[in-house]
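To keep things clear, I will list the structure first and then write my remarks on it.
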Amino acid sequence: MPKRKLVPLPSAAFQILLALAGEDLHGYGIMRHAAEQTDGRMRLGPGTLYSSIRTLLDAKLIEETEPREDARLGHERRRYYRLTSTGRKLARSEAERLADLLRVARSRKILRGEYV
Amino acid sequence: MSEKIYAWLLRLYPSRFREAYGEEALQLFRDRCRDERGFLPRLRLWLDLLGDLTLSLPREYFRLEPRLTSYAAHLRPEGGPSLLVLEQESLGPGAWFFGGVLALAAVVSFSVLLNHGVRHVPLSALIRPGRRSSDQRPPSPSPRPPEPAGDSQLPASTPTDGEQPEMVAPGNAPSAFAGAELSRAERQRVVDGAAANLKKHYIDPAVAQKMAAVLLEHEKKGDDDAVTDGRAFADLLTRQIREVRPDRHLEVLFSEVPLPRRPPAPNAGFIARYRKAIEQANCTFEPVKILPHNIGYLKLNSFPEPSLCRQTATAAMASLNDADAIVFDLRDNRGGYPSMVTLIAAYLFDHPEYMYNPRQDTTEDSWTHSPVPGSRLADKPVYLLTSARTFSGAEQFSYDLKMLKRATLVGETTGGATDVGVFHRIDEHFGIGIRESRAINPYAEPDWAGIGVKPDVKVKAGDALGAAVNLAETKLEKK
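Taken in sequence, the protein lines are chains A and B.
Using my numbering, the letters of the first sequence correspond one by one to residues 900 to 1015.
Using my numbering, the letters of the second sequence correspond one by one to residues 303 to 781.
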C-alpha cells in the first residue's frame, strides 16, 4: 500500500494529471503547464513535483516513456511522462467531483453560472 | 553558484529520492534559472524552492519503502516461499499527535512526581527499605534521639531494622530534594531561632551570647542574602557560629522533609522488637575464636544494651580469658551503648579507667569497673580492627583505648560519626544541634566527630586481621 494516498486527490497530483492530459511532458514541462493552468498560482517545486510524480507512477496513473531531448531546451535527455488510462479516468472523476461542487456552489449563489 | 547551493540542498533528501530524481530536480532548477531572469523572478524562484523544500522533505522521509512491499507481492503469485515483509506503514498524523501527547504527559508526570509525589519518602527507603537512611551517609550529623536508643544501631540484618520508628534526622534528607528558595523572612526566622536556642542551651553562656551576636550581625550586614538554598544556608550559619568557637558538636541543620513538632517517642513495640532481634543475633557478638599462637579473636558488630546483653558479653570475655593476645574486630561495628563500651573495656584494665565520651556528662558510669574479678586480660596486648564503617560507640571504644595506649588500632580511619548533641527544632525545615554535655576531652587530640579515629597501623580493612595477627605474633615471640 503506497504511503501517500490519492483519495482525495492532492491538488498537485491533479494538476500533473491535467498537464499530462494534452501531451507527454517532462518534469519542467509539467511544472510550466501547471503554472499556466493556475494563472501562475501553482509553481511546483522540484521536491513536490517529483514526489507527486513518483506517487502517481506507483499508483500507475502515469507512466514513464523513453527519455528524449526537448529541442527547445537544449540537448539534455529528459524523462517524459504519459497519462495512463487509469490516470485519465481518475482525472475525469476528480473533475466531475469538482463540477458537482461547482453546481452546489452555484445553487447556493456562491458562484454565478457564467464564469464556469 | 546557485546550482551548487541547490545541489547541496538536494542532499537533504533521502538517498532514494536523490537517486531517482536528483538529476531531474537539478535539471528543472537549471531550466527555471534560464527562463526566470532578473531580481524579482529569481527571488520568487528561491522562495518557491525553499517552500517546496519544507513541504516535500518530511513527506519524502515518511514515505513507504516501495521495494519491500513489491518484493513480497512479487513472490506470492509464484507459489514459492512466501516472505512476509513488515510494511513500514508510516504513522498517520493522529498517531504522531497521540504519541507526542503521551510522551509529553509522561515527562510532565515524572517531573511532577519527582518534585511533589515522592517528597515525603526518603529516597533511601525506596531503594533499600530495610536500612536507615543514616547508614548511607555515615558522616552526616544525626541528632540524638530520645532514650533508650542512644546512638545505637541494630545490625543491618536484624528484622526490626526497617520498622524502627524513624527519627527526624535533618542531615538525611536526600539532596536531590533541595527545596524551594529561602525567603528573607525565613532566613531571619532561622537566625533568630538559632540565636535564641544557643543562648538558652549552650553550655557556656558567654560564648553563646557571642555566637548569637555574630549570627545576627551577619544577617544584618546582608551576608546571608545571597544564599537561597536551605542546606547551604544551614552550612553558612554553622560556619558563622564556629567563627566564635570551633565546636564540631554544634551545627545548624536543614531538612527537606518537614520536621515534626515533637520527635516520636519510641514505643513499647519497638523496644520489644529490639530485644527480640538482639537476642536472636546473640547480642551481635560473633563466636569467639582462638587463632594460632593463642590469639583470641572476637568480632563485635555493635555495643548492645547491657541490660539485655550483659551475660553474652561476660561469656564472650570469659572465653577470651586464657588468650595471650586479643583482637577485637570492629570493622562492621556501627556503634551502640556507651555503657557496653565501658563494660567491655573494664576487662582490659586492672584499675578503674575513665572512658571519655563527648556526648555524655561525666558520671560514675564513665569509669570502668576494673579490675573485673577473675579476668586475666588486663595486661594482654589488644588489637582493634577498624574500617571506614566503624562508627559511633565503636569509635569511642577505639578512641579511648588508643588515647590510653591500651590497644593498637589496625585498619582504616573510622567513619567519624558526628553527634551534634540535642536537637532543637527552629521551624519546619531548620533545627540546631547543641551539645549540652560538659564532658571535657582529657586528651590533646580532638575526638572522632567528623574526622574519625586514625589507626596506628594503616592497612585496608580486608587486610586488617592478617596485619593484626602478624603484629600480635611478633609481640608474643619477643616475650
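Every residue, glycine too, gets a C-beta built ideally from N, C-alpha and C.
Distance, Cα to Cα, residue i vs residue j?
i, j, result
"residue 639 of chain B", "residue 543 of chain B", "30 Å"
"residue 628 of chain B", "residue 668 of chain B", "23 Å"
"residue 779 of chain B", "residue 686 of chain B", "20 Å"
"residue 350 of chain B", "residue 927 of chain A", "14 Å"
"residue 359 of chain B", "residue 937 of chain A", "24 Å"
"residue 401 of chain B", "residue 912 of chain A", "30 Å"
"residue 764 of chain B", "residue 689 of chain B", "9 Å"
"residue 564 of chain B", "residue 695 of chain B", "26 Å"
"residue 675 of chain B", "residue 736 of chain B", "40 Å"
"residue 908 of chain A", "residue 963 of chain A", "20 Å"
"residue 446 of chain B", "residue 781 of chain B", "Legend: pLDDT at residue 446 of chain B = 43, less than 50; position of this residue unreliable, value from coordinates given subsequently. Roughly 45 Å separates the two Cα atoms."
"residue 942 of chain A", "residue 920 of chain A", "18 Å"
"residue 354 of chain B", "residue 341 of chain B", "20 Å"
"residue 518 of chain B", "residue 738 of chain B", "22 Å"
"residue 316 of chain B", "residue 348 of chain B", "21 Å"
"residue 1007 of chain A", "residue 992 of chain A", "23 Å"
"residue 596 of chain B", "residue 773 of chain B", "13 Å"
"residue 472 of chain B", "residue 725 of chain B", "Here residue 472 of chain B scores only 40 on pLDDT, less than 50, and its place in the model should not be relied on; the value that follows carries that caveat. Distance between the alpha carbons of residue 472 of chain B and residue 725 of chain B is about 10 Å."
"residue 585 of chain B", "residue 493 of chain B", "44 Å"
"residue 743 of chain B", "residue 603 of chain B", "26 Å"
"residue 1002 of chain A", "residue 1010 of chain A", "9 Å"
"residue 682 of chain B", "residue 580 of chain B", "29 Å"
"residue 641 of chain B", "residue 656 of chain B", "12 Å"
"residue 678 of chain B", "residue 619 of chain B", "10 Å"
"residue 398 of chain B", "residue 346 of chain B", "33 Å"
"residue 976 of chain A", "residue 967 of chain A", "5 Å"
"residue 458 of chain B", "residue 759 of chain B", "Its pLDDT being 36, under 50, residue 458 of chain B is placed unreliably in this model, and the coordinates cannot settle the point."
"residue 309 of chain B", "residue 940 of chain A", "25 Å"
"residue 709 of chain B", "residue 559 of chain B", "42 Å"
"residue 357 of chain B", "residue 934 of chain A", "18 Å"
"residue 591 of chain B", "residue 672 of chain B", "24 Å"
"residue 729 of chain B", "residue 572 of chain B", "28 Å"
"residue 577 of chain B", "residue 610 of chain B", "7 Å"
"residue 777 of chain B", "residue 594 of chain B", "14 Å"
"residue 755 of chain B", "residue 636 of chain B", "14 Å"
"residue 556 of chain B", "residue 485 of chain B", "15 Å"
"residue 327 of chain B", "residue 408 of chain B", "43 Å"
"residue 415 of chain B", "residue 631 of chain B", "44 Å"
Going by DSSP, name the residue or residues bridged to residue i.
i, result
"residue 686 of chain B", "B:630, B:711"
"residue 605 of chain B", "B:638"
"residue 718 of chain B", "Partner(s): none; residue 718 of chain B has no beta bridge."
"residue 724 of chain B", "B:736"
"residue 396 of chain B", "None, per the DSSP bridge assignment."
"residue 587 of chain B", "B:602"
"residue 919 of chain A", "Partner(s): none; residue 919 of chain A has no beta bridge."
"residue 925 of chain A", "A:979"
"residue 759 of chain B", "B:712"
"residue 669 of chain B", "B:656"
"residue 963 of chain A", "A:980"
"residue 592 of chain B", "B:598"
At 7 Å on the CB atoms, spell out the chain B contacts of residue i, in chain order.
i, result
"residue 945 of chain A", "327, 330, 331, 354"
"residue 941 of chain A", "Those within 7 Å of residue 941 of chain A in chain B number zero; the least Cβ separation is about 10 Å."
"residue 981 of chain A", "None at all; the shortest Cβ gap to chain B is about 16 Å."
"residue 1002 of chain A", "Going along chain B, no residue has its Cβ under 7 Å from residue 1002 of chain A, so there is no contact; the nearest lies around 31 Å."
Using the beta-carbon of each residue, which ones in chain B are nearer than 9 Å to residue i?
i, result
"residue 926 of chain A", "323, 326, 327, 329, 330, 333"
For a contact defined as C-beta to C-beta under 8 Å, what are the partners of residue i on chain A?
i, result
"residue 315 of chain B", "946"
"residue 362 of chain B", "946, 950"
"residue 351 of chain B", "944, 945"
"residue 359 of chain B", "946"
Along chain A, which residues have their Cβ under 7 Å away from the Cβ of residue i?
i, result
"residue 557 of chain B", "Those within 7 Å of residue 557 of chain B in chain A number zero; the least Cβ separation is about 58 Å."
Along chain E, in chain order, which residues have C-beta atoms closer than 8 Å to that of residue i?
i, result
"residue 978 of chain A", "No chain E is part of this structure, whose protein chains are labelled A and B."
For residue i, which residues in chain B fall below 8 Å Cβ to Cβ?
i, result
"residue 996 of chain A", "The premise fails here: residue 996 of chain A is roughly 23 Å from chain B at the closest Cβ pair, so nothing lies under 8 Å."
"residue 1007 of chain A", "What residue 1007 of chain A touches in chain B: nothing, since even the nearest Cβ is about 30 Å away."
| message | Beta carbons nearer than 8 Å to chain B: which residues of the stretch 965-976 of chain A have them? | response | 972, 975
| What are the uninterrupted segments assigned as beta strand (DSSP E) that are 3 or more residues long and contained completely in the stretch 968-999 of chain A, given in chain order? | With a minimum length of 3 residues, the continuous beta strand (DSSP E) runs that stay inside the stretch 968-999 of chain A are 976-982.
| said: So if I threshold CB-CB distances at 9 Å, which residues from the stretch 530-546 of chain B count as touching chain A? | reply: none
| 3 or more residues per run - each beta strand (DSSP E) lying fully within the stretch 517-568 of chain B | The DSSP assignment places complete beta strand (DSSP E) segments of no fewer than 3 residues inside the stretch 517-568 of chain B at 552-556, in order along the chain.
| Entirely enclosed alpha helix (DSSP H) segments - the stretch 308-352 of chain B, minimum 4 residues | 317-337
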